[in-house]
Amino acid sequence: MKSFRDVKRHYDFTEEDERRLSSLRSVMEDYTDCAMDSLESWMLKTKETAQFFGDENRKKRVFAAHRSWFVDLFSGTYDVRYYERLIRIGQVHVRAQVEAHLMIRAINILRTYCIGIVNTNIQDAEERTAMLVSLEKLLDINLDVITSSYMEEGLKTYSGAYRVKNALVTFAQGFSQTMNLVLILSLMGLTIGVVVLFVGDISKFLTGQPEHGIVTALGSLIFLWVMIELMNTEIAHLKGGKFYISVFIGVALVAFIRESLIMTLSHGSMDKQYVFIAIIFVLGVVFWLVTRAENMPKG
Ligand code: HEM
Numbered sequence: 117m118k119s120f121r122d123v124k125r126h127y128d129f130t131e132e133d134e135r136r137l138s139s140l141r142s143v144m145e146d147y148t149d150c151a152m153d154s155l156e157s158w159m160l161k162t163k164e165t166a167q168f169f170g171d172e173n174r175k176k177r178v179f180a181a182h183r184s185w186f187v188d189l190f191s192g193t194y195d196v197r198y199y200e201r202l203i204r205i206g207q208v209h210v211r212a213q214v215e216a217h218l219m220i221r222a223i224n225i226l227r228t229y230c231i232g233i234v235n236t237n238i239q240d241a242e243e244r245t246a247m248l249v250s251l252e253k254l255l256d257i258n259l260d261v262i263t264s265s266y267m268e269e270g271l272k273t274y275s276g277a278y279r280v281k282n283a284l285v286t287f288a289q290g291f292s293q294t295m296n297l298v299l300i301l302s303l304m305g306l307t308i309g310v311v312v313l314f315v316g317d318i319s320k321f322l323t324g325q326p327e328h329g330i331v332t333a334l335g336s337l338i339f340l341w342v343m344i345e346l347m348n349t350e351i352a353h354l355k356g357g358k359f360y361i362s363v364f365i366g367v368a369l370v371a372f373i374r375e376s377l378i379m380t381l382s383h384g385s386m387d388k389q390y391v392f393i394a395i396i397f398v399l400g401v402v403f404w405l406v407t408r409a410e411n412m413p414k415g
């Protein structure tokens, strides 16, 4: 299974698309009942779909789930949890034996309906075109992820090797999520440690070593800033964002800067200071190169 970041990249689904879709939310809310009516009336009058809704309770439950999925289309939040929900939707339909072509037709009905709403409500031609493109991308992503469960199911049936691979991937995903939790908790612990370090530096400043106190406190503050950056990177990564290796180089850079500040005050050996300056220079260049590479648009 691809990562959501890759799926979004393949569809060129950008933050601009996200913003546009969330701006449609209030318009779509007014039309949700009608959109759901058009889907449900098709489901109830078509033989292949109507068979699922003999039981009144199931009908209510499923229609409520369909409505909630539709409303979420315009939430503007398309993160890892959104992706996991789509995967689950695919799996639930595979298990319920809803054929894939019915899913495609259902999306097709809603697509036609949504296009009509956008055409009626957005007067500016340029904005309308951009909105339709974003909408099409999101619906295609939904269909892509949901129907990929059908393909996986087909593979599972025919291939024993795939079953083993799938079990391994499921295990590795669980393990990786646990490790992410360990990582974020450790980062929080370390950030608290840096705050303690900073308080220690401030107390040095207040207890008669102002020069030393100010410099080391500055070093600790830079450290705190890097820790916050690290946490933000990890949070963005958990939400399905890009992983920035430059932040880790930043940590090393800051550690050496802080150490060299302290060394300057303790009037230690000049040789060691030259080595530190050389390391800071090399790390600075690497940091610059990596940041440039990270910000370069992918071809
Ligand atoms: C636009 C395409 C569709 C979407 C996005 C969608 C979405 C959903 C969602 C969110 C659920 C609840 C999943 C859960 O329990 O976590 C669900 C359940 C269900 N959907 Fe759909 N659905 C779609 C099309 C269809 C179609 C065409 C049918 C055919 C009749 C269908 C029949 C069902 C059934 C039977 C369940 C309940 C399965 C169970 O819990 O036993 N859905 N759907």
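117 is the number of the first residue of the sequence shown in this note's numbering; add one for each residue after it. Note that CB positions come from ideal geometry on N, CA and C, so glycine has one too.
Using a Cβ distance threshold of 9 Å, V342 and V312 do not count as a contacting pair. A Cβ-Cβ separation of about 16 Å leaves V210 out of contact with E164 under the 8 Å criterion.
Taken in chain order, the whole alpha helix (DSSP H) runs of length 4 or more contained in the segment 181-215 are 196-211.
Shortest Cα-Cα distance from I203 to any of L354, Q293, D260 involves D260. Counting along the chain, the unbroken alpha helix (DSSP H) around G400 starts and ends at 386-411. Taking the CA atoms as reference points, S139 sits about 33 Å from I361. Annotation: H126 to V331 spans about 48 Å, alpha carbon to alpha carbon. For A151, the CB stays at least 8 Å from every heavy atom of the ligand HEM. Straight across, the Cα-Cα distance linking D153 with T407 is about 50 Å.
Here S376 has F392 as same chain residues with Cβ atoms under 6 Å from its own Cβ, once five neighbours each way along the sequence are excluded. Here the segment 126-135 makes contact with the segment 189-199; the two share three or more CB pairs at distances below 8 Å. Taking 4 residues as the shortest admissible run, the segment 236-310 contains the following complete alpha helix (DSSP H) segments, listed from N- to C-terminal end: 241-274. If you ignore the 5 residues before and after L255, its C-beta comes within less than 7 Å of the C-beta of I223, R227, all in its own chain and listed in chain order. A check of alpha carbon separations from F372 across A352, C230, N282, V398 identifies V398 as the nearest.
When distances are taken from the beta-carbon of F168 to the heavy atoms of the ligand HEM, the shortest one is below 8 Å. For S138, the enclosing alpha helix (DSSP H) covers residues 131-139.
Residues of the same chain with a CB within less than 7 Å of the CB of A333, apart from the 5 flanking positions on each side, are F314, D317, I318, F321 in chain order. When DSSP states are grouped into helix, strand and coil, K176 belongs to the helix group. DSSP places F339 inside the alpha helix (DSSP H), whose first and last residues are 326-354.
Excluding sequence positions up to five before and after V310, its CB lies within less than 7 Å of the CB of S336, F339, L340, M343, all in the same chain and listed in chain order. Annotation: the continuous alpha helix (DSSP H) that includes K124 extends over 120-126. In the three-state scheme derived from DSSP, where H, G and I count as helix and E and B as strand, K320 is classed as helix.
Look at the beta carbons and you see the segment 210-219 touching the segment 157-176: at least three pairs across the two are nearer than 8 Å. Each residue's CA atom was taken as its position, placing V234 and R244 some 7 Å apart.
L248 and D146 have their C-alpha atoms spaced approximately 18 Å apart.
It is roughly 15 Å from the alpha-carbon of T380 to the alpha-carbon of V370. At the C-beta level, V143 and N237 come within 9 Å of one another. For T162, no alpha helix (DSSP H) encloses it, and the DSSP letter there is neither H nor E. Around the C-beta of K118, fewer than 16 other C-beta atoms lie within 10 Å, and the residue is accordingly described as exposed. Using a Cβ distance threshold of 9 Å, L251 and I220 do not count as a contacting pair.
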